[in-house]
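Undergrad: Which chain is which? The protein sequence lines are X and Y, in order. For what it's worth, this note's numbering labels the leading residue of the first sequence as 384, then goes sequentially. For what it's worth, this note's numbering labels the leading residue of the second sequence as 36, then goes sequentially. Here a beta-carbon is modelled for each residue, glycine too, at the ideal position from N, C-alpha and C.
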Amino acid sequence: MSDKYTDHDITRFYSEGSTEKPSAELDAKILALATIPIETKSQPTLTSAIPIKKPALYQTWYGQLSTAASLVLVTMLYLHNSDSFHEPADNVNEQATNQLMENEATGLSSIKSTEQPVKNSLKKSIKQKVNIEKRSKKEVSSIMADSTLPSASSDTEIRQLNKVKSISEMTPEGALEVTTTFNKIDGLLATEQREKARERLIELLQKYPQLKADLNARYMNLLM
Amino acid sequence: MTEIVDESLMLQYAQGDIQAFTDLYTRHKDSLYRYFLRQSATPELAEELYQNVWSKLIKARSTYQVSSKFTTWLYRIAHNELIDHYRRNTTENKVIALNVEDKRTEATNEAEVGHLADQQQKTIDEQLHLSQQASHLRWCLKQLPRQQKEAFLLKHESGFTLNEIAKLVGESSEGVKSRIRYGINKLKHCLMHKMGRV
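1) Closest Cβ-Cβ distance between LEU414/X and chain Y: below 8 Å?
2) Kindly say whether THR430/X, judged by its beta-carbon, lies nearer than 8 Å to any beta-carbon of chain Y.
3) Looking at C-alpha atoms only, which residue of GLY570/X, GLU582/X, TYR591/X and GLU575/X is the closest neighbour of THR554/X?
4) Please state the DSSP three-state secondary structure of VAL204/Y.
5) Quick check: the region 202-213 of chain Y against the region 156-171 of chain Y, are there 3 or more CB pairs under 8 Å?
6) Using a Cβ cut-off of 9 Å, which residues of the region 402-413 of chain X contact any Cβ in chain Y, in chain order?
7) Taking 8 Å as the limit between beta carbons, can you name the residues of its chain near ARG111/Y, skipping five residues before and five after?
8) Using the beta-carbon of each residue, which ones in chain X are nearer than 7 Å to ASP65/Y?
9) In or out: TYR48/Y buried (at least 16 other Cβ within 10 Å) or exposed?
10) Keeping to the same chain, check which residues put their C-beta closer than 8 Å to that of VAL211/Y; ignore five residues upstream and five downstream.
11) From this set, ARG96/Y, VAL40/Y, ARG181/Y and LEU46/Y, which residue's C-alpha is nearest PRO420/X's C-alpha?
12) Which residues in chain Y sit within 8 Å of THR418/X, going by Cβ to Cβ distance?
13) Please report the straight-line C-alpha distance between LEU571/X and LEU605/X, rounded to a whole angstrom.
14) Is the shortest distance between the beta-carbon of SER103/Y and the beta-carbons of chain X less than 8 Å?
15) Determine, using beta carbons only, whether HIS120/Y comes closer than 8 Å to chain X.
16) Shorter than 8 Å from the beta carbon of HIS228/Y to some beta carbon of chain X?
17) Contact criterion: CB-CB distance below 8 Å. Does GLN47/Y meet it with respect to chain X?
18) When you check each C-beta in the region 438-471 of chain X against every C-beta of chain Y, which residues fall closer than 8 Å?
19) At least one CB of chain X closer than 8 Å to the CB of TRP108/Y: is that the case?
20) Within the continuous alpha helix (DSSP H) that includes PRO555/X, where are the two ends?
21) Looking at chain X, is there any beta carbon in it that lies within less than 8 Å of the beta carbon of SER43/Y?
22) I'd like to know whether the C-beta atoms of GLU403/X and TYR60/Y end up nearer to each other than 8 Å.
23) Indicate the three-state DSSP secondary structure (helix, strand or coil) for ASP41/Y in the structure shown.
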């Protein structure tokens with residue numbers, strides 16, 4: 384035999400070695416399996432003939448109950464919250480303005496000096512400006528109405544009247560700024576912070592020199 | 036002619052002729068058994084897969100139609116059974132118990148020697164030599180990659196043509212041809228190595 388095998392050798396060796404057979408037991412098992420008759424499809428009975436279709440969710444009692452419960456819940460929520468939804472915008476603005484005034488009086492409105500994010504402060508300041516504008520207009524109109532009264536003799540009243548004279552000639556933005564600054568100055572004076580109040584007043588007069596003519600004695604004293 | 040008879044037997048069996056199935060089974064049982072035996076890790080597993088194939092064939096008898104050769108249908112079931120088994124037990128097939136195989140080889144070797152001794156035309160030495168070669172070849176066949184092994188077995192065990200094997204395993208004829216060619220070359224090298232000729 385040569386050193387190298389041929390394809391024929393491989394085939395021959397394989398044929399020589401392929402003598403395994405399934406056991407007689409296995410043969411018998413399979414032949415027995417083959418004798419089992421084919422399962423005839425059983426005739427459909429009355430219950431199995433009609434396929435049981437699963438009812439849709441809306442057809443079941445739990446589906447209907449859950450739908451009704453959802454509707455009741457939504458209706459209750461709507462009724463409960465409808466008052467606040469339909470509240471007049473003026474009322475909302477008034478509330479916001481009142482809160483702002485309170486904040487300013489207590490010195491909490493100095494957002495610039497805090498470390499709040501720029502975006503938040505910008506949003507707040509825009510809202511505040513809108514509210515203050517409305518408020519100042521209301522205030523001006525009410526003060527104007529009061530100024531016709533001859534009994535306006537107190538210092539505060541005179542001061543308000545003086546303010547009104549100059550403010551009424553300004554643009555809405557200017558009037559807003561002047562009113563706000565005077566309120567801040569009053570707040571600072573009330574808390575005995577004269578220096579800060581004086582600085583604010585000087586800044587205001589530099590911006591609006593025409594106010595100087597209308598300043599009352601209290602503010603004049605502050606400047607001295 | 037045999038193929039036509041196969042299909043006829045299957046049709047007869049589908050109509051309830053048990054004897055037709057017995058003839059069909061006797062005709063194909065050995066090669067199908069070895070097809071599984073060569074590709075399974077243990078003889079027990081080969082028996083299980085072998086039984087499953089016949090069981091499936093029996094169950095599908097009523098739906099049998101002569102659209103292709105019976106053997107193609109039979110081995111397609113067998114091929115799918117084997118593939119399913121490999122998928123289920125991928126790790127199991129990675130491990131080939133060489134020790135078990137060697138022991139089995141020795142055992143069958145002895146049996147084979149006895150079988151071949153009956154052949155009076157060959158000398159005892161030749162028989163032993165042939166038996167040894169066959170034993171080594173079986174061992175080498177176990178070492179082949181699965182696809183090459185299956186292609187080799189379908190050709191040399193079950194007698195399919197290249198086109199039939201290609202159709203059966205879902206490959207091109209060229210692909211199958213390459214598999215068989217590579218497989219045989221590896222077997223040759225392995226056999227030479229085992230016989231100490233390298």
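TA: Once the coordinates are examined:
1) On the first sequence, position 31 is the one that residue 414/X refers to. LEU414/X counts as touching chain Y.
2) Residue numbering aside, residue 430/X sits at position 47 when the first sequence is read from its first letter. Per-residue confidence for THR430/X stands at a pLDDT of 42, beneath the threshold of 50, marking its modelled position as unreliable; no derived number is given.
3) Working through the first sequence from its first residue, we reach residue 554/X at position 171. Nearest C-alpha to THR554/X: TYR591/X.
4) Numbered from 1 along the second sequence, position 169 holds the residue referred to as residue 204/Y. Reduced to three states, the DSSP call for VAL204/Y is helix.
5) no
6) THR402, GLU403, LYS404, PRO405, SER406, LEU409, ASP410, LYS412 and ILE413
7) The residue you call residue 111/Y lines up with position 76 of the second sequence. Take ARG111/Y, set aside five residues on each side of it, and the residues of its chain with a beta-carbon closer than 8 Å to its own are LEU203, in chain order.
8) By 1-based counting over the second sequence, the position of residue 65/Y is 30. Per Cβ cutoff of 7 Å: LYS404.
9) For the purposes of this step, residue 48/Y is identified with residue 13 of the second sequence, where counting begins at 1. Burial call: buried.
10) Taking the first residue of the second sequence as position 1, residue 211/Y is located at position 176. Excluding residues within five positions, the ones whose Cβ falls inside 8 Å are ALA186, LEU197, ILE200, ALA201 and VAL204.
11) In the first sequence, residue 420/X corresponds to position 37, counting from 1. When each option's Cα is compared against that of PRO420/X, the closest is ARG96/Y.
12) Position 35 of the first sequence, counting from 1, holds the residue named residue 418/X. Those within 8 Å of THR418/X in chain Y are ILE53.
13) For this step, residue 571/X is matched to residue 188 along the first sequence. For this step, residue 605/X is matched to residue 222 along the first sequence. Going by the C-alpha atoms only, they are around 12 Å apart.
14) Along the second sequence, read from residue 1 onward, the residue named residue 103/Y stands at position 68. So no, SER103/Y is outside the interface.
15) Along the second sequence, one-based indexing puts residue 120/Y at 85. Taking 8 Å as the CB threshold, HIS120/Y stays off the interface with chain X.
16) Here residue 228/Y is taken as the residue at index 193 of the second sequence, counted from 1. Not closer than 8 Å to any Cβ of chain X, the Cβ of HIS228/Y fails to qualify, so no.
17) For the purposes of this step, residue 47/Y is taken as the residue at position 12 of the second sequence. Judged by the 8 Å Cβ criterion, GLN47/Y is not in contact with chain X.
18) For the region 438-471 of chain X, the set of residues with a beta-carbon nearer than 8 Å to any beta-carbon of chain Y is empty.
19) Taking the second sequence and counting its residues from 1, the one referred to as residue 108/Y is at position 73. With 8 Å as the cut-off, TRP108/Y does not count as an interface residue toward chain X.
20) Here residue 555/X refers to the residue found at position 172 of the first sequence. Secondary structure note for PRO555/X: its alpha helix (DSSP H) is the uninterrupted segment 555-573.
21) Mapped onto the second sequence, residue 43/Y falls at position 8. Chain X, which has no Cβ nearer than 8 Å to the Cβ of SER43/Y, makes this no.
22) One-based indexing of the first sequence puts residue 403/X at position 20. One-based indexing of the second sequence puts residue 60/Y at position 25. Going by C-beta atoms, GLU403/X is not nearer than 8 Å to TYR60/Y.
23) Position 6 of the second sequence, counted from the start, is the residue given in the question as residue 41/Y. ASP41/Y: helix per DSSP, three-state reduction.
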